[in-house]
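Protein sequences appear in the order of chains F and G. Numbering follows our numbering, with no gaps: position 190 of the first sequence is 190. Numbering follows our numbering, with no gaps: position 99 of the second sequence is 99. Positions of the beta carbon are idealized from the N, C-alpha and C atoms, including for glycine. Quick caveat, the model's predicted, so the values are computed rather than measured.
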Amino acid sequence: MEVTRVENVTRVYKIGKVETRALRGVSLSIESGEFTALVGPSGSGKTTLLQLIGCLDQPTSGYVFINGKDVSDLNRNQRADMRRGTIGFIFQFFALIPTLTAYENIEMPLLLIGQNGSERHKRVMQLLEAVDLPDRAHHRPDQLSGGEQQRVAVARALATKPTLILADEPTANLDTPNGKQVMEIMTRINQETGVTFVFATHDPRVIKYARRVITLRDGTIVENNGKKAS
Amino acid sequence: MIQLFKMAFRDLGRNRRRSFFSALALAIGLALLLLLAAFVQGEMGGAVDSTIRLQSGHLQVRAKSYDESKTSLKWEDLVENPDQITAQIASLAPVEVATPRLFASGIIAVGDESAGVRIYGIDPTSEANAPYREGLVSGEFLTADDRQGILIGKPLADKLNLNVGNQISLSINTSNGDVDEQLFTIRGIYSTQTGGFDSTTVFMPLAKAQAITQTENHASTIFVLLKDRAQTEAVAAALQSPNYQVLTWTTMNELLIQTEDLANGYIFILYLIVLGITATVIINTLIMAVFERTREIGILAAIGMKGRRIMGMFLAESSLLAVGGIIMGLILGWLVVAYFAKYGFYIGNMGITGILISDTIYTDLTLKDTVTLTIMALVVTLLAGLYPAMLAARMEPVEALRGGE
Chain F
1 MEVTRVENVT RVYKIGKVET RALRGVSLSI ESGEFTALVG PSGSGKTTLL
51 QLIGCLDQPT SGYVFINGKD VSDLNRNQRA DMRRGTIGFI FQFFALIPTL
101 TAYENIEMPL LLIGQNGSER HKRVMQLLEA VDLPDRAHHR PDQLSGGEQQ
151 RVAVARALAT KPTLILADEP TANLDTPNGK QVMEIMTRIN QETGVTFVFA
201 THDPRVIKYA RRVITLRDGT IVENNGKKAS
Chain G
1 MIQLFKMAFR DLGRNRRRSF FSALALAIGL ALLLLLAAFV QGEMGGAVDS
51 TIRLQSGHLQ VRAKSYDESK TSLKWEDLVE NPDQITAQIA SLAPVEVATP
101 RLFASGIIAV GDESAGVRIY GIDPTSEANA PYREGLVSGE FLTADDRQGI
151 LIGKPLADKL NLNVGNQISL SINTSNGDVD EQLFTIRGIY STQTGGFDST
201 TVFMPLAKAQ AITQTENHAS TIFVLLKDRA QTEAVAAALQ SPNYQVLTWT
251 TMNELLIQTE DLANGYIFIL YLIVLGITAT VIINTLIMAV FERTREIGIL
301 AAIGMKGRRI MGMFLAESSL LAVGGIIMGL ILGWLVVAYF AKYGFYIGNM
351 GITGILISDT IYTDLTLKDT VTLTIMALVV TLLAGLYPAM LAARMEPVEA
401 LRGGE
């Protein structure tokens, strides 16, 4: 089943009178359960494409569909509704709320979808187990290592059982063992739950985990080599 | 909701010193407002009381043609046979005390120095004169049959360097337009703590004042104090007569009442200034918080938090600041007000003609003022939080996420 489809999408940023074309007519389709890498050099449009698929931004032209629904023209609140519960994000920086504990950070998306207390607690504990951090539940981000923080971010992205997880350079700020651990957790979760992962990277050690690699350069897809053999 | 307040509380704790000083700014602002309100209440409330007690009474009955500004002593301008009218007025149930008084103007001369004075011819035995009797700082009060005694205020005694027992020469206008001069002995020196009154008013027994001004058995006014100020209009109506004018304390003190209105107007402007400064501090703190947390706002938006909820988070912060600041402000304000309520605030002789303002103001904080100002401070703080909160809520997630990198 198709999770997302992008049709001839462009994204032009205007800074003063200067126009920057970040995406120049990109089309692709992602099926449920994929574990796909968007690769390419800096400025190739990976992050912009993730932001459009993730309903964080709107295309200048073209269409973006999530679970068959056109999200290209949704307003700010409708996009927030679409993100909540449908899409999970993992960012390059360890994007946790510093005043909340690991437990509370994971709990936040569940609070936003209004899940009740006991189910919420059960789900948060299950996720802490899944990312091997049950004993770190009540630590704040500044008491966790970079790898641990990124694992909490993975758990938070999975909290509402979204159909699609988007990760932007998830290992860029991690050392090799921590990067490997995060990628192994993501792979395991993808295999166990079937949730779709799309991640942007230019790290060859990360690309090897992908079953499909889409290569971008100067805002266009230059190689879409289909699914790799797993 | 609980989660929003929990986050807001922890966010305020991130920069404790800044949060504390912002709340303190609100606290000092509120304390200042309470002090201003208590000061005005103490001053104006006190001024009305002093003016009634010392000068106007609740009511005065005068001859139809009496003109206060001229201090007329012509017989046709005075109340004839005042004791009889006084007794009639005093017999009314709401009346606490009534007493005849004769006013005249004169000049006191001592050596080379002189001072213009207003002479009160009073019945020394009347309870209406208790404020003067109780204000005696040295010497004795007058007696009804004293033919040479005079009572002068402390500021005048200090100015002319006079003491009890000293003799002074008093030139006084008489009913036929002449000026009579006589020597008087200072029996006592009084202070009502009201410089404007004490520095110009001297007392002598009514009989002596009538004799020297040649106004036999006449008085300028019948001074009336009531048991309850609210009865003024009713008693005034009962006393209406074609031969007399009946003046109430409100008509006699129009200037005071206008001044009170004016003071309330000024004080409101001061309130706005203080609250404006406080609001600026709060806005500044929250804007700094919004900019420092731009990336977090982006993260929260990315995981699906709507603008309304992000706004709520910052409004929760401003309301926590407001509650903290208001609690501190109420404590601080009450302490300062309690101090000045006990020890007073010396302002000296304001020297405003027609208004008797005490030299020392004792603050008087009413519950109404406390509640009104607390609500004003709360509303202003919440309004001040609105702009930074809207700023946070309107951030585009993509830009907010980029902003923190």
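Within chain G, the residues that residue i reaches when beta carbons sit closer than 8 Å
i	result
N75 (chain F)	Neighbours of N75 (chain F) on chain G: none; closest Cβ ~11 Å, over 8 Å.
Start and end residues, alpha helix (DSSP H) containing residue i
i	result
A289 (chain G)	E254 to E292
T99 (chain G)	Here T99 (chain G) belongs to no alpha helix (DSSP H); instead the beta strand (DSSP E) covers V95 to V110.
F197 (chain F)	No alpha helix (DSSP H) holds F197 (chain F); the beta strand (DSSP E) holding it covers T196 to T201.
V206 (chain F)	P204 to I207
F197 (chain G)	G195 to D198
E184 (chain F)	T176 to T193
R151 (chain F)	G146 to L158
A236 (chain G)	T232 to L239
A38 (chain G)	R16 to S50
I90 (chain F)	That residue, I90 (chain F), is in no alpha helix (DSSP H); its beta strand (DSSP E) goes I87 to I90.
Min CB distance residue i to chain G below 8 Å
i	result
I165 (chain F)	no
D175 (chain F)	no
A172 (chain F)	no
F89 (chain F)	yes
A200 (chain F)	no
A229 (chain F)	With a pLDDT of 30 at A229 (chain F), under the threshold of 50, the predicted position of this residue should be treated as unreliable, though the coordinate-derived value follows. Chain G, which has no Cβ nearer than 8 Å to the Cβ of A229 (chain F), makes this no.
Residue i: first and last residue of the uninterrupted beta strand (DSSP E) it sits in
i	result
V337 (chain G)	That residue, V337 (chain G), is in no beta strand (DSSP E); its alpha helix (DSSP H) goes G307 to Y343.
Q205 (chain G)	According to the sequence provided, residue 205 (chain G) is Pro. The question's Gln does not apply to it. Where P205 (chain G) is concerned, the enclosing beta strand (DSSP E) stretches over T201 to P205.
Y13 (chain F)	E2 to I15
Q182 (chain G)	V179 to Y190
D168 (chain F)	L164 to D168
S220 (chain G)	Run containing S220 (chain G): none; DSSP gives neither H nor E here.
G149 (chain G)	G149 to G153
G62 (chain F)	S61 to I66
Y244 (chain G)	Y244 to T248
G116 (chain G)	E113 to I122
S138 (chain G)	L136 to G139
A37 (chain F)	F35 to V39
Closer than 8 Å to chain F by CB, residue i
i	result
F5 (chain G)	no
I269 (chain G)	no
E292 (chain G)	no
E405 (chain G)	In this prediction, E405 (chain G) scores a pLDDT of 45, lower than 50, which makes its location untrustworthy; no coordinate-derived value is stated.
E43 (chain G)	no
Partners in chain F for residue i, counting only beta-carbon separations shorter than 7 Å
i	result
D11 (chain G)	T99
P397 (chain G)	L56
Under 8 Å from the C-beta of residue i: neighbouring residues of chain F
i	result
E317 (chain G)	In chain order: nothing, as chain F lies at least about 11 Å away.
G307 (chain G)	R76, N77 and A80
Chain G residues whose Cβ lies nearer than 7 Å to that of residue i
i	result
A95 (chain F)	I299
Per-residue burial, residue i [other beta carbons within 10 Å of its own, 16 or more giving buried]
i	result
N81 (chain G)	exposed
L272 (chain G)	exposed
E76 (chain G)	exposed
I186 (chain G)	buried
L110 (chain F)	buried
E233 (chain F)	No information on residue 233 (chain F) is available, as it lies outside the stretch 1 to 230 that chain F covers here.
G54 (chain F)	buried
L305 (chain G)	In the sequence as displayed, the identity of residue 305 (chain G) is Met instead of Leu. With 16 or more Cβ atoms within 10 Å of its Cβ, M305 (chain G) is classed as buried.
M7 (chain G)	buried
T192 (chain G)	buried
E405 (chain G)	Per-residue confidence for E405 (chain G) stands at a pLDDT of 45, beneath the threshold of 50, marking its modelled position as unreliable; no derived number is given.
V182 (chain F)	buried
S44 (chain G)	The sequence given here has Met at residue 44 (chain G), not Ser. It is buried - the Cβ of M44 (chain G) has at least 16 other Cβ atoms within 10 Å.
V117 (chain G)	buried
Within chain G, partners of residue i - CB distance below 9 Å
i	result
A155 (chain F)	Residues of chain G passing the Cβ test: none, with the nearest at roughly 12 Å.
G85 (chain F)	G304
Proximal chain F residues relative to residue i, where beta-carbon distance stays under 9 Å
i	result
R16 (chain G)	Neighbours of R16 (chain G) on chain F: none; closest Cβ ~13 Å, over 9 Å.
For the region 51-68 of chain F, enumerate the residues whose C-beta is nearer than 7 Å to any C-beta of chain G, in chain order. Q51, L56 and D57
Determine which residues of the region 102-122 of chain F have a Cβ less than 9 Å from any Cβ of chain G, and write them out in chain order. E104, E107, M108, P109, L111, L112 and I113
Could you please tell me which residues of the region 248-276 of chain G, in chain order, have their CB closer than 7 Å to any CB of chain F? none
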